[in-house]
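For the sequence shown, counting from 1, position 72 maps to 68 in my numbering; every step adds exactly one. The beta-carbon is built from N, C-alpha and C at its ideal position, and this holds for glycine as well.
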Amino acid sequence: MAGTRKKSVALMFSGGVDSTVAAIRLVEEFDQVHLLTFANGYGHYGFGRTRRRVCELNERYPGRFVHFEASIRDLFERVCLSTIVEDYRRFGSAFMWCMGCKLAMHARSVVYCRENGIGHMSDGSAADSDEMVEQMLLSVSMIHWLYADYDIEYIVPVYGIGRDEKRAQLRREGYFMGIPLLDRYLGIQPSCIPGELYYLPYILFNKAPGHDEETVARYISEKRVVVDAVVRELGTGSGG
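In structure tokens form, the structure reads like this:
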């Protein structure tokens, strides 16, 4: 019911299936949803696809969405790329590109929420995509703690919803679904060349990369120092 809605929530938004269904779920609970779209500046392209999806949402829910786009190139360089060679030697996996990118996005999201007085943050993380390092339950839990340190509630509205159910909802409601290829839909969200190369064996042969939880946890914990420094410099305070 409208009377029980909360005021505002921010959502990391690409326009893909997961973040679009998350946006639809959130607009039922919140008066306004801030859609945050970030570009890392390195082989990351196709943001017109996100804008097209935002237009679809605005047509269905006029006045309920705010779209914010920003480059996080400098943050990505600071969190990830400046030490990526050394980190690869230490952690032994290229997962750092995707996890480092997502941590830079979360750092910028914390700043956005604090600047705009938003107490809830969300993304399209999903259990059915947990082959991706940033969507492992461990990673999602550690991101939850990150936001909690800044008094922001982190919610993942589609984490337990199956892939078929999410796709069926978007088809039923008439959203653009792009071009089906294997188990994916192309052309509905931005692409990242390095990320797609990393996950190519999974995309083509269903061979998921192995991500050791202890190694991922150590990487995230170490990068929290950089994330907190970024928030202090760009925002209005530091984490606990």
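- Closest by CA to V129, which one among M95, M138, I175 and G120? Taking the sequence shown and counting its residues from 1, the one referred to as residue 129 is at position 133. V129 has its Cα closest to that of M95, out of M95, M138, I175 and G120.
- Query: What's the gap between the Cα of G233 and the Cα of E111?
  - Reply: As a position in the sequence shown, residue 233 is number 237, starting the count at 1. As a position in the sequence shown, residue 111 is number 115, starting the count at 1. Only weak support exists for where G233 lies, its pLDDT of 44 falling under 50; the value from the coordinates is given anyway. G233 and E111: Cα-Cα distance of roughly 11 Å.
- Message: Cutting at 7 Å between CB atoms, please list the residues of its own chain near A(-2), excluding the five before and the five after it.
- Response: Looking up residue -2 in the sequence shown gives position 2. Summary for A(-2): the model assigns pLDDT 46, below 50, so the residue's position carries little reliability; its value from the coordinates is reported in the next sentence. Excluding positions up to five away in sequence, the list is empty.
- Message: According to DSSP, simplified to helix, strand and coil, what is I189?
- Response: Translated into positions along the sequence shown, residue 189 becomes position 193. Helix, per DSSP.
- Beta-ladder partner(s) of Q28, from DSSP: Taking the sequence shown and counting its residues from 1, one reaches residue 28 at position 32. BP columns for Q28 point to S4.
- Task: Just mark W93 as buried or exposed, buried being the case when its beta carbon has 16 or more other beta carbons within 10 Å.
- Result: The residue you call residue 93 lines up with position 97 of the sequence shown. The residue in question, W93, is buried, as its Cβ has 16 or more Cβ neighbours within 10 Å.
- Item | Cβ pair I216, L32 closer than 8 Å | Here residue 216 refers to the residue found at position 220 when the sequence shown is read from its first residue. Here residue 32 refers to the residue found at position 36 when the sequence shown is read from its first residue. No, they are not a contact pair.
- Item | For E149, the first and last residue of its enclosing beta strand (DSSP E) | Translated into the one-based positions of the sequence shown, residue 149 becomes position 153. E149 to I151 is the span of the beta strand (DSSP E), which, as asked, contains E149.
- Residue interval of the alpha helix (DSSP H) (run including M117): The count along the sequence shown starts at 1 and reaches residue 117 at position 121. Where M117 is concerned, there is no enclosing alpha helix (DSSP H), although the beta strand (DSSP E) it sits in stretches over H116 to S118.
- Please list, in chain order, all residues of the same chain as L15 whose beta carbon is under 6 Å from its beta carbon, the five residues on each side excluded. Indexing the sequence shown from 1 puts residue 15 at position 19. In the sequence on display, residue 15 carries Ser and not Leu. If we look at S15 and ignore the five residues flanking it on each side, its Cβ neighbours are F9 and G120.
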